[in-house]
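Structure first, then comments.
Residue numbers (our numbering): 235 to 387.
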């Protein structure tokens, strides 16, 4: 088990400013690529990310993912990753559709027979890589908001 997964196991929900989120997502993308090309069957990071996604995307009483139950910062990161990773034909700009799509990907990531559907595996791999990039970009944008030291050039 890697350091990032051991450290982030205390918090089960995805947080946009979680320092381990970019690493966990990129590690899941690498594990998916290795699984796809038959180099490794390691799925620890994949299942850990799937569990955190399912814990983060909460459903309302009707069973539909509700945006009001998701952390707004995490919603920004997840939405950006879904938009970046899905094709233009599947892409929607509605938040509810983006959450539903992320939940479908999370369900796929927790399945045991991912090799049976290479198209979905490619989409999940793209989502994990996009989630890593979106989390890094969000952290940078927050860090850039803080004023620099007055004597710094």
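Glycine included, each C-beta is placed from N, C-alpha and C at the ideal position.
The structure displayed is predicted, hence computed values, not measured ones.
Bounding residues of the alpha helix (DSSP H) (the contiguous stretch that carries residue i)
| i | result |
| --- | --- |
| residue 320 | That residue, residue 320, is in no alpha helix (DSSP H); it is neither H nor E in DSSP. |
| residue 282 | 278-290 |
| residue 250 | Unbroken run through residue 250: none, as it is neither H nor E. |
| residue 338 | 329-343 |
| residue 260 | 255-270 |
Euclidean distance between Cα positions of residue i and residue j
| i | j | result |
| --- | --- | --- |
| residue 329 | residue 316 | 10 angstroms |
| residue 258 | residue 333 | 20 angstroms |
| residue 351 | residue 384 | 55 angstroms |
| residue 348 | residue 314 | 24 angstroms |
| residue 297 | residue 287 | 16 angstroms |
| residue 271 | residue 354 | 14 angstroms |
| residue 327 | residue 375 | 22 angstroms |
| residue 295 | residue 331 | 17 angstroms |
| residue 409 | residue 249 | In the structure displayed, the chain extends from 235 to 387; residue 409 sits before or after that span and is not available. |
Member of the options whose CA lies at the smallest distance from the CA of residue i
| i | options | result |
| --- | --- | --- |
| residue 261 | 250, 373, 247 and 284 | 284 |
| residue 281 | 291, 376, 341 and 250 | 341 |
| residue 251 | 373, 295 and 377 | 373 |
| residue 255 | 295, 312, 335 and 354 | 312 |
| residue 247 | 289, 336, 297 and 371 | 289 |
| residue 291 | 371, 338 and 272 | 338 |
| residue 279 | 343, 371, 253 and 375 | 343 |
Spatial neighbours of residue i in its chain, beta-carbon cut-off 7 angstroms, leaving aside the 5 residues before and after
| i | result |
| --- | --- |
| residue 319 | 357, 360, 361 and 364 |
Residues near residue i by beta carbon distance below 6 angstroms, same chain, minus five either side
| i | result |
| --- | --- |
| residue 369 | 255, 256 and 311 |
| residue 366 | 256, 259 and 260 |
| residue 263 | 359, 362 and 363 |
Same chain only: Cβ atoms within 8 angstroms of residue i, ignoring 5 sequence neighbours per side
| i | result |
| --- | --- |
| residue 274 | 265 and 268 |
Review point. Any chance the region 306-316 sits against the region 260-279, with 3 or more Cβ pairs inside 8 angstroms?
Key: no
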